[in-house]
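Take a look at the structure set out below.
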Amino acid sequence: MRDEEWIMVRRPTVADLWNPCSSDSTSRPLKVIFNEPAKYWTDALPVGNGRLGAMIWGGVASELIQLNEDTLWTGVPGDYTNPNAPYALSEIRKLVDSGEFAEATVASAKLVGNPADVYQLLGDIKLEFDDSHLNYDKETYQRELDLDNATVQIKYTVDGVEFSREHFASNPDQVMVTKISGSKPGSVSFTVYLDSKLDHHCKMTGERQIIMEGHCPEKRIPPQVYADDKRKGIQFSAVLDLKISKGNGIVHILDDSKLRVEGSDWAILLLVASSSFDGPFTKPSDSKKDPTSDSLNVLKSISNLSHVDLYAHHLDDYQNLFRRVSLQFSQSSRSVVCLKKNQDGRVPTTAERIKSFQMDEDPYLVELLFQFGRYLLISSSRPGTQVANLQGIWNKDLEPKWDSAPHLNINLEMNYWPSLPCNLSECQEPLFDFLSSLSVNGRKTAEVNYETSGWVVHHKSDIWAKSSADAGDVDWALWPMGGAWLCVHLWEHYTYTMDIDFLKDKAYPLLKGCGLFLLDWLIEGKGGYLETNPSTSPEHDFIAPDGNRASVSYSSTMDMAIIKEVFSVIVSAAEVLDKNEDDLVKRVRNAQSRLSPTKVAKDGSIMEWAQDFQDPDVHHRHLSHLFGLFPGHTITIESMPDLCKAAENTLHKRGEEGPGWSTMWKAALWARLHDSEHSYRMVKHLIYFVDPEHEKAFRGGIYSNLFAAHPPFQIDANFGFTAAVAEMLVQSTLEDLYLLPALPRDYWGNGCVEGLVARGGLTVNICWKEGNLHRLGLWLKNRKSWRRFRLHYRETMVSVNLSCETMYTYNGRLDCDPSLAPSCLPPELHRSAPLRLCLASVSVLPQLPAFSHAVSPSPLPGIWENWDVSSRSCLYITWFPWLVLLRILLLTCGLAVSCLMVLERPWISTAECNKRIEGVQY
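Per the numbering used here, the sequence shown runs over residues 751 to 1672.
Right, dumping it as structure tokens:
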């Protein structure tokens, strides 16, 4: 056999195997576009590598690059216990039992603790260019963030010379990179220096490096520059390294803290930063880490890498994550709206697109926002980093709103909603590391404050893993369900990845501790039910029967919904791990039947509290009592249609107004109810332009750089948007897959999504035309040889059997394409494990059908080999020894291939497909 006739190729990926041939549109650039420098922080463009973040303003004569490092916080490890809490707890429970809810609310202030600490900033890179840049040609100015390569680029022209700047943050090399260049040799001249609002000083090392060293305050009050010599807070160091073109250019040192570049062709700035933070249990003063030494070591490790090398490493790392999912929408031919174009033919800026969305409902902007959420998660949460906080990693203030801290009563959880369905499971790892730290402090809080076993966390935390109730109003501070909600993410991670080692080693120990606390926290209540007391519904009050306003009662609907979810998760995990006889599991099973059911109020909505209290704010932003519907799973359309109707009434009652995160929670809730109209209304409601000078509190909306608004900026709605859109397209359980359950057909009438993930480890590709399913691709990747799923599309339900690491393709009727799935092959071929061969020359057998893609290798190693060549003309032969001899004989005679049987390509029913896969012994 000659080498040019046969080649062996790599195992095909999901992208290789999927060729829907259904999308009319070409791939559109995923870019956030401006035609002027930033005027406000929310005009600047974010880059990040998970740990380091920057906001690029894009100024011309002077540039500002604001920097963040995710471990820079105020404070030191704290004591999150209160020995007096048990006495207060006893008093509060008595008041609640006697119906004195307002008095119980006042008494509950004794259970709150000290305030959480505050996320800080790192500093700024400041660039000053020649005065000639003041007269740049405004018509040539371009500033854009390309989501596909995670790069910000700025271009403009001065006196006929085009200048460009390129910024990216590399995760593999842990460096922020800026390249400045001009189209004319020797045209690049500027001054660069570092600055910070924190206590700091700068110095030079060598001829082309600036070191900035400083520290965070030990307490949450703003520091006075150079006022604190003890420096007990977290120390930090940032090092800026400068490279210029060879031959042209000179570098001067100014004021022992600035670098001046003159007459260079280009310049490259490398920014690295480190801190002395050594975990949540180590005091900064006890840390052995040297931030400056660590930063210089990072620079040393990349000293031999060119800009091209750094960019290649960055792209390889980032695109491996980002390109897992693609989404394209276009409007249906039935749509009554059309896309608006600029009369001058100019590409509209992103701000212009946001402003026009309420009229043109541009589906391409929805694509951009969906992928922007994935971009932000990749950029703010990576293995080994801190969790994405209330602003991800981007912050410009010493006192950011709400401390930019992780809030556990919706915001932190929403940050990670898109991680699993949108194929970014690695980005969830910091959440589990954080949860492990919380459980350590939370065990002390549970033991001392509440005299329970297990561990507990409340509504707000910080880098020190604060577990006690925060200082503040009881309606939000006193809520011991934060850790329990986070534990639901542990089980979700398993259901999406089917990683049993994770379930056994990481998830179950945390679930066990959480379950032990909940079992002890539940007390005997009325009617034989177990109840929580005291209990709040996050951030919401009620009017007690005596007419007084209160927030503390017993067994709020959210409390019970979270406990039901966690108990269900513990039982399910125990079944997987064969721990059904554990004492914990037996106790959980006994408690499950004694948890009070979700109740329906007189007006037909779901009750938020155990009693049907009067609600003083029916349009409140939180939707806590709907947790069981989403993100929970205890309320489903199939099993509880009456409660789903009550949930629908609740959503109507709450209304559509609210901050960004609330709007996106509503979108996901409507999607879970399979209500495409209202889910889309929430999507549309969020895409509302926010002017930083005229922000409206609690209105939500989108800033010009696509940051979501509370206002001010909160990143949770960006992540919630991505998760909600995914929920509209795909929903799942471990046994069921729901296709396009909330697709707004009049607005996203045609489209294709590739790479979404469903529970059970299933990758899902869907294409639809005129609102109808056109093609479905499924790829199962887990350790089981095969799994059974039920596919749901509108009123159709079919059961399918899927082998692992094999692409299955179905048409709009959910019939299987046999050319793309071995389970759909004729039985005689499938049972004999056919060998897939591709011809090197179609001229040998021109009548053979051409198949678009190869199937993956058989689970029988060495039996089914996958060969491929450019012709893509393929055929199958059965694997019998006498055929092998015949094949060798024919090949010896010079024939390109022998074939006993050519597979045709009819669609066959899924039922027939299932019979065939069940007949194969893997």
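Where a beta carbon is used, it is the ideal one built from N, C-alpha and C, also for glycine. All values derive from a computational prediction rather than experimental measurement.
Nearest-angstrom beta carbon gap, Gly1410 and Ala1459 [assumed within contact, 8 Å]: Residue mapping note: residue 1459 aligns to position 709 of the sequence shown, counting from 1. Residue mapping note: residue 1410 aligns to position 660 of the sequence shown, counting from 1. Contact between Ala1459 and Gly1410 holds, since their C-beta atoms are separated by about 6 Å, short of 8 Å.
With 16 other Cβ atoms within 10 Å as the buried cut-off, status of Ser1482: The residue labelled residue 1482 in the question sits at position 732 within the sequence shown. Under this definition Ser1482 is a buried residue.
Closest Cα partner of Thr1559 within the set Arg1540, Leu1528, Met1547, Phe1539: Here residue 1559 corresponds to residue number 809 of the sequence shown, with the count starting at 1. For the residues Arg1540, Leu1528, Met1547, Phe1539, the minimum Cα distance to Thr1559 belongs to Leu1528.
Assigned secondary structure, Phe1079 (DSSP; H/G/I helix, E/B strand, else coil): Sequence index remark: in the sequence shown, residue 1079 carries index 329 (1-based). Phe1079: strand per DSSP, three-state reduction.
Three-state secondary structure assigned by DSSP to Trp1152: Within the sequence shown, numbered from 1, the residue matching residue 1152 stands at position 402. Here Trp1152 sits in helix by DSSP.
Where Ser1043 falls, given that 16 or more other Cβ within 10 Å makes a residue buried: Locating residue 1043 in the sequence shown gives position 293, counting from the first residue. Exposed.
Proximity winner among Phe1267, Lys934, Gln892, relative to Gly910 (alpha-carbon distances): Numbered from 1 along the sequence shown, position 160 holds the residue referred to as residue 910. Comparing Cα-Cα distances from Gly910 to each of Phe1267, Lys934, Gln892, the minimum goes to Lys934.
Contact belief for Leu871 with Asp1147 at Cβ below 8 Å, rounded distance in angstroms: Indexing the sequence shown from 1 puts residue 871 at position 121. Indexing the sequence shown from 1 puts residue 1147 at position 397. Contact flag correct, Cβ pair sits at about 7 Å.
Local conformation of Ser1014 per DSSP, three classes: Translated into the one-based positions of the sequence shown, residue 1014 becomes position 264. The answer is strand: DSSP assigns Ser1014 an E or B state.
With 16 other Cβ atoms within 10 Å as the buried cut-off, status of Trp791: As a first step, residue 791 is located in the sequence shown; it is residue number 41 there, counting from the start. By the 10 Å Cβ count, Trp791 comes out buried.
Burial state of His1369 (16 or more Cβ within 10 Å): What you label residue 1369 is simply residue 619 of the sequence shown in a count that begins at 1. His1369 counts as exposed, since fewer than 16 other C-beta atoms from the protein chains shown sit within 10 angstroms of its C-beta.
Residue of Thr1513, Glu1176, His1290, Asn1165 minimising C-alpha distance to Asp1225: For the purposes of this step, residue 1225 is taken as residue 475 along the sequence shown, with counting starting at 1. Comparing Cα positions, the closest option is His1290.
Backbone CA spacing between Asp1550 and Cys1566 [nearest angstrom]: Here residue 1550 corresponds to residue number 800 of the sequence shown, with the count starting at 1. Here residue 1566 corresponds to residue number 816 of the sequence shown, with the count starting at 1. According to the sequence shown, residue 1550 is Val rather than Asp. Those two C-alpha atoms are separated by around 9 Å.
Expected contact under 8 Å - CB spacing of Lys969 and Gly825 to nearest Å: Position 219 of the sequence shown, counted from the first residue, corresponds to residue 969. Position 75 of the sequence shown, counted from the first residue, corresponds to residue 825. Rounded, the Cβ-Cβ distance is 7 Å, consistent with contact.
Test item: CB-CB of Val1316 and Ala1324 under 8 Å: Taking the first residue of the sequence shown as 1, we reach residue 1316 at position 566. Taking the first residue of the sequence shown as 1, we reach residue 1324 at position 574. Not in contact: Val1316 and Ala1324 (Cβ atoms no closer than 8 Å).
Counted within 10 angstroms of its Cβ, other Cβ atoms place Asp1006 as buried (16 or more) or exposed: As a position in the sequence shown, residue 1006 is number 256, starting the count at 1. By the neighbour-count rule (16 or more Cβ atoms within 10 Å), Asp1006 is not buried but exposed.
Gly983 vs Asn998 beta-carbon contact at 8 Å: Locating residue 983 in the sequence shown gives position 233, counting from the first residue. Locating residue 998 in the sequence shown gives position 248, counting from the first residue. With contacts defined by Cβ atoms closer than 8 Å, Gly983 and Asn998 do not form a contacting pair.
Collapsed DSSP secondary structure at Val1022 in the structure displayed: Mapped onto the sequence shown, residue 1022 falls at position 272. In the structure shown, Val1022 sits in a strand (DSSP, three-state: E or B).
Alpha carbon of Ser914 to alpha carbon of Val797, nearest angstrom: Taking the first residue of the sequence shown as 1, we reach residue 914 at position 164. Taking the first residue of the sequence shown as 1, we reach residue 797 at position 47. Roughly 17 Å separates the two Cα atoms.
C-beta contact flag for Ala1418 and Ala1474 at 8 Å: Working through the sequence shown from its first residue, we reach residue 1418 at position 668. Working through the sequence shown from its first residue, we reach residue 1474 at position 724. Against a cut-off of 8 Å, the Cβ pair of Ala1474 and Ala1418 comes out as a contact.
Cβ shell of Lys1008 (< 8 Å), same chain only, five flanking positions each side left out: Position 258 of the sequence shown, counted from the first residue, corresponds to residue 1008. Hits under 8 Å: Thr941, Val942, Tyr943, Ile960.
Three-state secondary structure assigned by DSSP to Pro1168: On the sequence shown, residue 1168 is found 418 positions in, with the first residue counted as 1. For Pro1168, the secondary structure class from DSSP, reduced to helix, strand or coil, is coil.
Residues bridged to Leu990 (per DSSP): Taking the first residue of the sequence shown as 1, we reach residue 990 at position 240. Looking at the DSSP assignment, Leu990 forms a beta bridge with Ile960, Leu1021.
Closest Cα partner of Met1557 within the set Lys1531, Met1547, Val1548: For the purposes of this step, residue 1557 is identified with residue 807 of the sequence shown, where counting begins at 1. Nearest C-alpha to Met1557: Lys1531.
Straight-line gap, Thr1202 to Phe1377 (C-alpha atoms, nearest Å): Here residue 1202 corresponds to residue number 452 of the sequence shown, with the count starting at 1. Here residue 1377 corresponds to residue number 627 of the sequence shown, with the count starting at 1. Each residue's alpha carbon lies about 25 Å from the other.
Val902 burial status per 10 Å Cβ neighbour count (16 or more: buried): In the sequence shown, counting from the first residue as 1, residue 902 sits at position 152. So Val902 counts as buried.
Pairwise C-alpha distance: Lys1210 and Ala866: Numbered from 1 along the sequence shown, position 116 holds the residue referred to as residue 866. Numbered from 1 along the sequence shown, position 460 holds the residue referred to as residue 1210. Taking the CA atoms as reference points, Ala866 sits about 7 Å from Lys1210.
Leu1343 versus Gly1278, Glu1331, Asp1333, residue with shortest Cα-Cα distance: Along the sequence shown, one-based indexing puts residue 1343 at 593. With the sequence shown as reference, residue 1343 is identified as Ser, and Leu is not the correct amino acid for it. Residue Gly1278 is the option with its Cα nearest to Ser1343.
Top-ranked residue by Cα proximity to Glu1242, from Met1231, Trp1229, Lys1256: If you number the sequence shown from 1, residue 1242 lands on position 492. It is Lys1256.
Three-way DSSP call (helix, strand, coil) for Cys1554 in this model: Your numbering for residue 1554 matches position 804 in the sequence shown. Reduced to three states, the DSSP call for Cys1554 is strand.
Identity of the residue in Cys1554, Ala1492, Met1478 nearest Thr1513 by Cα: In the sequence shown, the residue the question calls residue 1513 occupies position 763. Among Cys1554, Ala1492, Met1478, the Cα nearest to that of Thr1513 is on Cys1554.
Helix, strand or coil at Arg1540 [DSSP, three-state]: As a first step, residue 1540 must be located in the sequence shown, where it is residue number 790. The answer is strand: DSSP assigns Arg1540 an E or B state.
Cβ contact (3+ pairs, closer than 8 Å) linking the region 1299-1318 and the region 1268-1277: yes
As assigned by DSSP and simplified to three states, the class of Leu872: As a position in the sequence shown, residue 872 is number 122, starting the count at 1. The answer is coil: DSSP assigns Leu872 none of H, G, I, E or B.
Residue burial classification, Asp1328 (beta-carbon count within 10 angstroms, cutoff 16): Position 578 of the sequence shown holds residue 1328. Flag for Asp1328 reads exposed.
Alpha helix (DSSP H) runs contained entirely in the region 1162-1221, provided each spans 4 or more residues: 1179-1199
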